[in-house]
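Colleague: For the sequence shown, the residue numbers in my numbering are 2 to 115.
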Amino acid sequence: MKHSVVLVILFVVPGLWGAATLGSALTASTDTVCPGENVKEDGEEHPGPMRPGDTGCAVLDGSVSVGTRTYEQQRRVQSLERREDAMTGALLLAYGTAGGLLVWRARRPESDRD
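Spelled out as structure tokens, the structure:
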């Protein structure tokens with residue numbers, strides 16, 4: 002009994018995490034958001050999502066600037082992050098589902114099996 006509980010936890014927890022990650026990736030906003038300060042063409046900083054024509058985005062690591070990105074670069078980075086999250090979520094969900102089915106199949110009484 003204890004072994005099956007451990008096995009279920011080893012499969013259900015990653016499966017739920019994967020479902021949450023996949024759901025988050027699929028419902029993520031398509032707005033291009035700068036993790037730091039947006040800079041307009043005229044050099045003025047502004048809050049909120051980036052817009053086409055914004056010349057720079059300060060990329061921050063905590064409170065330290067580690068580089069800049071253009072609007073297109075930031076848009077591609079966010080798109081790549083969403084795809085990676087979707088792939089990770091799908092893999093974890095598949096792992097959890099397959100493992101859960103294997104545990105369930107192994108726990109079925111002999112009389113129920115084909």
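Just so it is clear, CB atoms sit at the ideal spot from N, CA and C, and this is done for glycine as well.
1. Tell me which residues share the same chain as leucine 92 and place their Cβ nearer than 8 Å to its Cβ, disregarding the 5 neighbours each side in the sequence.
2. Spatial neighbours of valine 1 within its chain, please: CB distance less than 8 Å, with the 5 preceding and 5 following residues excluded, ordered by chain position.
3. Based on the DSSP secondary-structure assignment, which residues constitute the bridge partners of threonine 69?
4. Using C-beta distances below 8 Å, list every residue in its chain close to leucine 61, excluding the 5 sequence neighbours before and after it, in chain order.
5. Taking the C-alpha atoms as reference points, what is the distance between glutamate 1 and serine 5?
Modeller: Working from what's here:
1. Walking along the sequence shown from the start, residue 92 turns up at place 91. Contacts found: Gly19.
2. No statement about residue 1 is possible, as the shown extent of the chain runs from 2 to 115 and does not include it.
3. Against the sequence shown, residue 69 aligns to sequence position 68. In DSSP, threonine 69 forms a bridge with Ala59.
4. Position 60 of the sequence shown, counted from the first residue, corresponds to residue 61. Cβ within range, chain order: Pro36, Gly37 and Val67.
5. The structure shown does not extend to residue 1, since the chain spans only 2 to 115, so no value can be given for it.
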